[in-house]
Amino acid sequence: MNKAKVFITRKWPASVEEQLKARYDVTLNEDDRALTANEFKKALQDYDAVCPTVCDSFPSEVLKVENKRCKILGNFGVGYNHIDIAAAKAENLIITNTPGVLTESTADLAMTLLLMSARRGAEGDRLVRSKQWQGWCPTQMMSSDVTSATLGLIGFGRIAQAMAKKAHHGFGMKIIYYKPSPAEPSVINELKASACDSIEQLLQSADFISLHCPGGDSTRHLINQPMLDLMKPTAHLINTARGDVVETQALINTLKAKRIAGAGLDVYEDEPKVAEGLLQLDNVCLLPHLGSATIATRTAMGKKVLKNLDAFFNNQPIPDRVG
Ligand code: DGY
6 MNKAKVFITR
16 KWPASVEEQL
26 KARYDVTLNE
36 DDRALTANEF
46 KKALQDYDAV
56 CPTVCDSFPS
66 EVLKVENKRC
76 KILGNFGVGY
86 NHIDIAAAKA
96 ENLIITNTPG
106 VLTESTADLA
116 MTLLLMSARR
126 GAEGDRLVRS
136 KQWQGWCPTQ
146 MMSSDVTSAT
156 LGLIGFGRIA
166 QAMAKKAHHG
176 FGMKIIYYKP
186 SPAEPSVINE
196 LKASACDSIE
206 QLLQSADFIS
216 LHCPGGDSTR
226 HLINQPMLDL
236 MKPTAHLINT
246 ARGDVVETQA
256 LINTLKAKRI
266 AGAGLDVYED
276 EPKVAEGLLQ
286 LDNVCLLPHL
296 GSATIATRTA
306 MGKKVLKNLD
316 AFFNNQPIPD
326 RVG
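249 is the number that my numbering gives to position 244 of the sequence shown; each next residue is one higher, with no gaps.
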């Protein structure tokens, strides 16, 4: 029997690429080049499965290409706001993602940003590298305490809960959260976490605010100027979710006016472009979407995609179907 034809849009960890080669007639992207919309359309026409990732855009205009051979989009990533799900459904395309395996690494990165923002880590590194450091003095680069401070989580799914555990058990942080539906009682008890009635209430109460809601139309610019204005002047904003959850220009204005203490960002509107206004500020720490970027996590993500493809091509229930 002919092997199914599978198209991988970006370079994956080598061990998973080997497994793909053993099971499928696979086309890899050895050069890791960002592909164009026309290349995605062609892949949908020529392959049984296409495996995009979070930096590949699949709007309806791409998904509606004629003479499609593709039946499944095996997304490498948990977020899928880069795929127009409604259009994909209308085209009878199955979509899968990779939940669960990137929880701890993404939560670790959110803590990294929280600590860097609190203790001005990136700014200190720049000072040393620029050879401008004059030596220790009592008032140099004073910053914010993390231990015992209040962490407010907007969204309280897997990654937020993992971050809350690290923050609470590791740093004695008080946990508050906002989530439209009730959270698991066992987690709430373990963390002694308090629910906020509204995002506004959370923004007013937390010392560190970490965003954990999905991207897309429903959360676009959720954190806008009026919301930022509610934050304490000593508070920090951390975003490892999606860039468009925060209105970038409002954040730039807020940081520039030193209306809040700082921010730590791993995601941006219109990635990989980063707004010039952010690049010029010292009170924001900027990382290049590293949330899940550990060897073990990226390998596990690839294996999850493989499991989803295997299930589909063997007519088994598909573990991580989202559309
Ligand atoms: C995802 O999987 O959605 C992440 O953003 C990648 O780290």
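Don't be surprised by glycine CBs; every beta carbon is placed ideally from N, CA and C.
The model shown is predicted, which means the values in this text are computed figures rather than measured ones.
Could you name the residues whose beta carbon sits closer than 5 Å to any heavy atom belonging to the ligand DGY, keeping them in chain order?
Val59, Gly82, Val83, Gly84, Gly296 and Ser297
Using only alpha-carbon positions, find the residue among His173, Ala165 and Lys263 that is nearest to Asn244.
Ala165
Contact belief for Phe63 with Trp17 at Cβ below 8 Å, rounded distance in angstroms:
With a Cβ gap of about 18 Å, Phe63 and Trp17 do not count as contacting.
Quick check on the burial criterion: 16 or more other C-beta atoms within 10 angstroms. Buried or exposed for Asp271?
buried
Leu118 versus Glu281, Leu292 and Ser297, residue with shortest Cα-Cα distance
Leu292
Measuring straight from C-alpha to C-alpha, what distance separates Thr111 and Val83?
11 Å
Our contact map puts Leu40 next to Thr14 with C-beta atoms below 8 Å; I'd like the distance itself, whole angstroms only.
6 Å
Of the listed residues Ile181, Lys171 and Arg163, nearest to Gly157 (C-alpha basis)
Ile181
My assumption, with CB atoms under 8 Å, is that Ile214 sits in contact with Met236. Please give the rounded CB distance.
7 Å
Straight-line gap, Val67 to Ala9 (C-alpha atoms, nearest Å):
22 Å
Assumed close pair Ser148, Arg163 - CB separation to whole angstroms, cut-off 8 Å:
Not quite, the Cβ-Cβ distance comes to about 30 Å (not below 8 Å), so this is no contact.
Taking Cβ to Cβ, would you say Leu98 is nearer than 8 Å to Lys76?
yes
Closest Cα partner of Glu274 within the set Ala172, Thr253 and Pro322
Thr253
Is Thr4 helix, strand or coil by DSSP?
Since the first residue shown for the chain is 6 and the last is 328, residue 4 is missing from the structure and cannot be characterised.
Secondary structure at His5, three-state DSSP: helix, strand or coil?
Residue 5 lies beyond the residue range present for the chain, which begins at 6 and ends at 328; the question has no answer from this structure.
Please confirm whether Cys218 and Leu227 have their CB atoms less than 8 Å apart.
yes
In its own chain, which residues sit with a C-beta less than 8 Å from the C-beta of His241, not counting the 5 before and 5 after it?
Leu119, Ser122, Ala123, Ser149, Asp212, Phe213, Ile214, Ile265, Ala266, Gly267, Ala268 and Gly269
Between which two residues does the beta strand (DSSP E) containing Ile214 stretch?
Phe213 to Leu216
Run through DSSP, which three-state label would Asp53 get?
coil
Take Asp287 as the anchor and find which of Asp222, Arg28, Ile257 and Pro104 has the nearest alpha-carbon.
Ile257
Distance, Asp53 Cα to Asn320 Cα
14 Å
If we require 4 or more residues per run, which alpha helix (DSSP H) segments fall completely within the segment 188-263?
190-196, 204-210, 230-233 and 253-261
Opposing strand residues paired with Leu68 [DSSP bridges]:
Leu68 pairs with nothing; no bridge assigned.
C-beta contact flag for Leu78 and Leu311 at 8 Å:
no
From this set, Asp51, Arg38, Val289 and Ala167, which residue's C-alpha is nearest Asp30's C-alpha?
Asp51
So what does DSSP say about Lys395, is it helix, strand or coil?
Residue 395 is absent from the model: the chain starts at 6 and stops at 328.
Under the assumption that Thr103 contacts Asp325 (Cβ atoms under 8 Å), give the Cβ distance between them as a whole number of angstroms.
7 Å
On the DSSP bridge assignment, give the partners of Lys10 in chain order.
Asp30
From Glu189, Ala95, Thr144 and Gln285, pick the residue whose C-alpha is nearest to that of Ser65; which is it?
Ala95
Quick one: is Met6 buried, meaning 16 or more other Cβ sit within 10 Å of its Cβ, or exposed?
exposed
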